[in-house]
Structures are given as structure tokens and as C-alpha cells.
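Asks:
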Amino acid sequence: MMLSVSKLKLSYGRIKALYGIDFTIAEGERVTIIGANGAGKSSTLRAISRLVPAEPGSVMTFNGHDLNKFPPEKVVSQLGISHVPEGRRLFGNLTVLENLKLAAFARKDHAQVARDIERIFDIFPRLDERKHQKSGTMSGGEQQMLAVGRAFVSARKLMLLDEPSMGLAPLLMKRVFEALETINKEGTAILLVEQNARMALQFAHRAYVLEHGEIVREGNCVDMLDDPAIIKAYLGG
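In the working numbering, the protein residues as written are 386 to 622.
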């Protein structure tokens, strides 16, 4: 198993965010975590990328490595886990190309970095057209494309995505998810947190349902899309 998470607990001061959740991701898999706002979805991603410390007793392994022993920058450069945060958090005063190059600063395989950047321009032709434009002046959809591209260039084994459809028009949303499917088929596993539960379930292979910091359901996405309880709670049925 590529990523294995067991008994993951996380708190912000006295506020408990996660109560000991378990889940796994296999190599090349697309997995989604769905749930209401405040359920702990973003906290789960932050724990994996080591942006927030998990509580003692939490077990997270990635390709045999203990994630709790890695600082955030080593999670990216040594393990190959990238994180596309909610809100994108680009360097708005830098161009598209500068953002992509900066994302690969820790990599030593410079020729491959150049190829990865060109591949992102193939996947997102709009970024190629805008590569000398400052990212802060681009549309929300273009910025989301760049956020995905930056993650692709920085690390290729597992991509964590936090609300990639937020604020996007339906056509751009569709384009972003098509690109994510392409990236996945080329070998990058994906863990997706997404408020648009229907889109998330249509995209992923497997899903976990998170409620109040606890996983209450897991299964095949095709089955969940037809489940009356999931439809009523998350799909507007």
C-alpha cells in the first residue's frame, strides 16, 4: 500500500479535528474524502503533508516511510507528496513559468524538470499561453490550473487536492478534472477533498465519508453514487 493512515488524531488546541481515522491509498489510485464543512477533510490533508502535527499514537506510512519523522519540505522533496491547498496560494507577483520553476527548486534532475513543465503546458495549453503573465492577474480557473501544475512539477507520486473546484465555472471545473485524470493515468496517485461530492465520486475510484472527525463509511464510488443515504446526505437527493 502506498499510503497507510491509522488512528490519525489531530487537534487545534482544545478543539478536536480528527478522532482516530484509518484509510489507505494504493499506487495509482484515485481516492476521495467527502463530508460537510468542518468534518476534518482539510485537516487530514494537512496532517499527511506534515503542515500540522498529528497527535501521539497516530500512524502514517508512505512507501514504508514513517511520515511523522519528516518535516513538510522533505515530504515533498524526498517522498514525492505534493499538496494543492484550498485557495491555491500562488506567488501572485511571479509569472506562471516562475511559479513552476520555483516549485521544483529542490529537484536536481533539471532536464526532467524542464520536461515536466512542458508536459504541464501540454495538459493545460492556457498556461503555455500565459507563461510570462503574473499569476495574480489570471482568472480563478487559470490559477487553479497553475496550482495543479505546480504540484505536478514539485512531486509526482501522490497529489493531495483540497477543493480544486471551488469558485470555478462548470466548463473550467470539467477541464481541471480531465487534467487530473490524465495526470493520474500517467502514474500519480490522487487524494481528493472536494465539497462537490457528486463530482468527487464520479472522479475517484474509492471514497471515505468523514463526519465530525470520524470516518463513518467507505466504499466503491460507483456504489456510493447509487446509495440512497449518500444521495440524501451529499448529492442533493
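We treat Cβ as the ideally placed atom computed from N, Cα and C, and that holds for glycine.
For clarity, every value in this text was computed on a predicted model and none was experimentally measured.
I'd like the span of the beta strand (DSSP E) that includes Ala574, first residue to last.
Replies: As a working note, residue 574 is residue 189 in the sequence shown. Start and end: Ala574 to Val578.
Asks: Does the beta-carbon of Asn422 have 16 or more other beta-carbons within 10 angstroms, so that it is buried, or is it exposed?
Replies: Walking along the sequence shown from the start, residue 422 turns up at place 37. It counts as exposed.
Asks: By alpha-carbon positions, which one of Lys401, Val444 and Arg415 ends up nearest to Gly425?
Replies: For the purposes of this step, residue 425 is taken as residue 40 along the sequence shown, with counting starting at 1. Selected option, being the one with the closest Cα: Lys401.
Asks: Let's test the definition: count the other Cβ atoms within 10 Å of the Cβ of Gly521 and tell me whether it reaches 16, buried, or not, exposed.
Replies: Your numbering for residue 521 matches position 136 in the sequence shown. Burial call: exposed.
Asks: Looking at the secondary structure, which residues open and close the beta strand (DSSP E) in which His468 lies?
Replies: Position 83 of the sequence shown, counted from the start, is the residue given in the question as residue 468. Where His468 is concerned, the enclosing beta strand (DSSP E) stretches over Ile466 to Val469.
Asks: At 4 residues or longer, what runs of the alpha helix (DSSP H) sit wholly inside the region 417-488?
Replies: Runs of the alpha helix (DSSP H) inside the region 417-488: 426-433 and 481-488.
Asks: Taking only three categories from DSSP, how would you classify Glu548?
Replies: On the sequence shown, residue 548 is found 163 positions in, with the first residue counted as 1. Coil.
Asks: If you count every other CB in all the chains shown that lies within 10 Å of the CB of Leu395, and 16 or more means buried, which is it?
Replies: Counting from 1 along the sequence shown, the entry for residue 395 is found at position 10. Buried: at least 16 other Cβ atoms inside 10 Å.
Asks: Here's the rule I'm using: 16 or more other beta-carbon atoms within 10 Å means buried, otherwise exposed. How should Arg581 be labelled?
Replies: The sequence position of residue 581 within the sequence shown is 196, counting from 1. It is Asn, not Arg, that sits at residue 581 in the sequence shown. Buried.
Asks: Assuming Arg504 is part of the alpha helix (DSSP H), what are its boundary residues?
Replies: For the purposes of this step, residue 504 is taken as the residue at position 119 of the sequence shown. Segment His495 to Ile508, the alpha helix (DSSP H) holding Arg504.
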